[in-house]
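K.L.:
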Amino acid sequence: MLERTPPASPVYLRDAADPRHLERALGDLAGGMRCWRLAWALAWLDIRNRYRGSVLGPFWMTASTAIMVVAIGLVYSTLFRMPLREYMPWLAVSLLIWNTISQIVNDACLSLIGSEGVIRQMRLPYTVHILRFVIRNAIVAAHSLPLIAVVLLLTGAIPGPEAVLAIPGLLLVALNGFAVGLFLGMICARFRDIPQIVTNVMQLAFFLSPVLWKPVLLGPAAAWLPLNPFYALMETVRGPLLEGGAPLVVWAAALVYTAATGAVGFAFFVRFRSRIAFWV
Amino acid sequence: MAQIEADRVSVEFPLYHVAARSLKKRLMARAAIRLREDESHRIVVAALRDLSFRIAPGERVALVGGNGAGKTTLLRTLAGIYEPVAGRLAVEGSIGTLIDPAAGMDPDATGRENIVLRGLFLGLSEAECAEMAEEAGQFSGLGEFLDVPIRTYSAGMGVRLSFATATLMSPQILLMDEWFLAGDADFMARATERLETLVRGADILVIATHDMHIVRKWCTRAIRLEGGRIVADGPAIEVVGT
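Residue numbers (the working numbering), protein chains in the order written: chain A, 9 to 288; chain B, 109 to 350.
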């Protein structure tokens, strides 16, 4: 048998009279990040299992978005009286970002419930499961990148060097994903009605956010758009790709929303972390 | 030095989906001993109540008691999965758990991939995982089936794989549930030998079992649980009889 005893003996101490919630939550967060290799492996397994036996696999999402972009593009460019060459890149980028965000939010409800088997069998930092969920969604999103490139090339809307600003935008989306995964993951484990509510809210948000329509159509009311967190986050990725960058107010709003989701998610985690094993 | 110290440890399970008033009343009336209503009107099951014990290095402890006495819950609490709602628990030493055979297994992955996955769960590097896969593969005797998704395995093959994978460690504290002692005779002979090595290597063994033969053979001490409380604690022979 191989010798795998760690040199120092770790001490596991739980005292209900002295719960030290904050310290434990921080330790969990650090431990989760250290286990990134495990999270990565689990995320790949998730992807593989989800698309087992399917020929296109995650590219199904790309394919269906491609068809949607062409079909909606033809009809809505006429509706909005916009030239196809102008509307198409907007629609493709918007839809792909929206799909990613909405998938992250819906999947967030399962970030802990989905790992129930593991949570109840071994002690692991809970943030590993959240990390797994973020990586899983990042992998799916990465499959759509080629489509954006294709549409931008075909319509000649090649972005300038400002396009690199989309990367911090994507990072903000990922950070929000982590916070939302923590928050919704816990709430959904405890209250099983939340996933349905979330699905409905996301459907509503799709129509209220500028995905199909451009903000200019709102006229002067467009100034209020940064109040919509989905708009702010989408714009930090979409702006650099299509319009040579996003306005400062959008970045500021996106940062504020990220800080807010992060704070709420972490506060919940600190308070209720020790209950998760009983909830899932 | 490995040791376990529990001081008035209690674990409670809230029953979240028992909200209906009438059902609640019926439950409370029938089994008021272990169910109670907490301050926010939830029904909670007192799974473990006021457990105090100390396990010193070298001790081999059997947890005995009927179904639902709290044996597996206690193992999970010692493993750090459930956190106590009251009391203090200190566990010193690396912990190895053999609680659920399928823990962390992915039915769609092959046997080999599952072994690697287990290695990652234990926090090993890729090289160590590959080495582990080799070793566990050999021990399980699964041969070419090692590269087939485990959902196609028979129940017996599943146990072999889980066993080979789960016993690839040498923890200071070994927490075991008794399913590990079930399996086909041919495999059991080898498995028992391996388990005994593992048990000998560990500083502390805590095993939940119904098998008094195992208690007498392996354990120096037995704790009898009943309704989540300790009703007897002492030398194995005294607690379970000869």
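Glycine included, C-beta positions come from ideal geometry on N, C-alpha and C. Source: prediction; values computed, not measured.
Distance, Cα to Cα, residue 221/A vs residue 59/A?
P.N.:
By 1-based counting over the first sequence, the position of residue 221/A is 213. By 1-based counting over the first sequence, the position of residue 59/A is 51. Near 32 Å, if we compare the C-alpha coordinates of residue 59/A and residue 221/A.
K.L.:
In chain order, what residues of the region 18-31 of chain A put their CB closer than 9 Å to some CB of chain B?
P.N.:
Going along the region 18-31 of chain A in chain order, one finds 18, 19, 20, 21, 22, 23, 24, 25, 26 and 27 with a Cβ nearer than 9 Å to chain B.
K.L.:
Chain B partners of residue 53/A, CB-CB under 7 Å?
P.N.:
On the first sequence, residue 53/A is found 45 positions in, with the first residue counted as 1. Correct list: 214 and 217.
K.L.:
Could you name the residues of the same chain whose beta carbon sits closer than 7 Å to that of residue 119/B, not counting the 5 residues immediately before and after it, in chain order?
P.N.:
Indexing the second sequence from 1 puts residue 119/B at position 11. Result list for residue 119/B: 155, 156, 181, 185, 190, 192 and 193, in chain order.
K.L.:
Whose Cβ in chain A lies nearer than 9 Å to the Cβ of residue 200/B?
P.N.:
For this step, residue 200/B is matched to residue 92 along the second sequence. Correct list: 17, 18, 19, 20 and 21.
K.L.:
What's the call for residue 260/A, buried or exposed, on a 16-neighbour Cβ count within 10 Å?
P.N.:
The residue labelled residue 260/A in the question sits at position 252 within the first sequence. So residue 260/A counts as exposed.
K.L.:
Shorter than 8 Å from the beta carbon of residue 189/B to some beta carbon of chain A?
P.N.:
The residue you call residue 189/B lines up with position 81 of the second sequence. So yes, residue 189/B belongs to the interface.
K.L.:
For residue 177/B, collect the residues of the same chain with a Cβ closer than 6 Å to its Cβ; drop the 5 residues on either side in sequence, then sort them by chain order.
P.N.:
As a working note, residue 177/B is residue 69 in the second sequence. So the list reads 333 and 334, once near-sequence residues are dropped.
K.L.:
Using a Cβ-Cβ distance under 8 Å, would residue 208/B count as near chain A?
P.N.:
One-based indexing of the second sequence puts residue 208/B at position 100. True, the Cβ-Cβ gap to chain A drops below 8 Å.
K.L.:
With residue 202/A and residue 117/A assumed to form a contact (beta carbons below 8 Å), what rounded beta-carbon distance in angstroms separates them?
P.N.:
By one-based count along the first sequence, residue 202/A stands at place 194. By one-based count along the first sequence, residue 117/A stands at place 109. The pair is a contact, with the Cβ atoms about 6 Å apart (cut-off 8 Å).
K.L.:
Taking beta-carbon pairs under 9 Å, can you tell me which members of the region 223-254 of chain B lie near chain A?
P.N.:
Those residues of the region 223-254 of chain B that come within reach of chain A (Cβ to Cβ, closer than 9 Å) are 224, 225, 228, 229, 230, 231, 232, 233, 234, 236, 239, 240 and 243.
K.L.:
Suppose the cutoff is 7 Å on Cβ atoms and the five residues either side in sequence are ignored; what does the same chain contact list for residue 178/A look like?
P.N.:
The residue given as residue 178/A occupies position 170 in the first sequence. 245.
K.L.:
Is residue 119/A close to chain B, meaning its C-beta is less than 8 Å from at least one C-beta of that chain?
P.N.:
Reading the first sequence from its first residue, position 111 is the one you call residue 119/A. No, because no Cβ of chain B sits closer than 8 Å to the Cβ of residue 119/A.
K.L.:
Is the Cβ of residue 286/A closer than 8 Å to any Cβ of chain B?
P.N.:
To locate residue 286/A, count along the first sequence from 1; it is residue 278. Taking Cβ atoms only, chain B reaches closer than 8 Å to residue 286/A, which makes this a yes.
K.L.:
What in chain B is Cβ-close to residue 89/A, meaning under 8 Å?
P.N.:
The residue labelled residue 89/A in the question sits at position 81 within the first sequence. Near residue 89/A there are no residues of chain B at all, since even the closest Cβ is about 50 Å away, more than 8 Å.
K.L.:
Is it the case that the Cβ atoms of residue 111/B and residue 200/B are separated by a distance below 8 Å?
P.N.:
Reading the second sequence from its first residue, position 3 is the one you call residue 111/B. Reading the second sequence from its first residue, position 92 is the one you call residue 200/B. In this structure, residue 200/B lies closer than 8 Å to residue 111/B by Cβ.
K.L.:
In angstroms, rounded to a whole number, what distance separates the CA positions of residue 41/A and residue 138/A?
P.N.:
As a first step, residue 41/A is located in the first sequence; it is residue number 33 there, counting from the start. As a first step, residue 138/A is located in the first sequence; it is residue number 130 there, counting from the start. Rounded to the nearest angstrom, the two C-alpha atoms are 10 Å apart.
K.L.:
Use the C-beta contact count for residue 159/A: other C-beta atoms within 10 angstroms, 16 or more gives buried, fewer gives exposed.
P.N.:
Stepping through the first sequence from its first residue, residue 159/A is reached at position 151. When all chains shown are included, residue 159/A counts as buried.
K.L.:
If we cut at 8 Å on Cβ distances, does residue 111/A have a partner in chain B?
P.N.:
Against the first sequence, residue 111/A aligns to sequence position 103. Not one chain B Cβ lies under 8 Å of residue 111/A.
K.L.:
Figure out for me which residue from 241/A, 104/A, 78/A and 147/A has the closest Cα to the Cα of residue 49/A.
P.N.:
Here the question's residue 49/A lines up with position 41 in the first sequence. Among 241/A, 104/A, 78/A and 147/A, the Cα nearest to that of residue 49/A is on 147/A.
K.L.:
Starting from residue 21/A, trace the beta strand (DSSP E) both ways and give me its first and last residue.
P.N.:
Locating residue 21/A in the first sequence gives position 13, where the first residue counts as 1. Looking at the DSSP string, the run of the beta strand (DSSP E) that includes residue 21/A is 19-23.
K.L.:
Assuming residue 107/A and residue 163/A form a contact by the criterion Cβ under 8 Å, report the distance between their Cβ atoms to the nearest whole angstrom.
P.N.:
Along the first sequence, one-based indexing puts residue 107/A at 99. Along the first sequence, one-based indexing puts residue 163/A at 155. Not quite, the Cβ-Cβ distance comes to about 19 Å (not below 8 Å), so this is no contact.
K.L.:
Tell me the DSSP secondary structure of residue 256/B in three-state form.
P.N.:
Numbered from 1 along the second sequence, position 148 holds the residue referred to as residue 256/B. Coil, per DSSP.
K.L.:
On the DSSP bridge list, what partners appear for residue 118/B?
P.N.:
Taking the first residue of the second sequence as 1, we reach residue 118/B at position 10. In DSSP, residue 118/B forms a bridge with 194/B.
K.L.:
Can you have a look at residue 222/B and say buried or exposed, based on whether 16 or more other CB atoms are within 10 angstroms of its CB?
P.N.:
Position 114 of the second sequence, counted from the start, is the residue given in the question as residue 222/B. It counts as buried.
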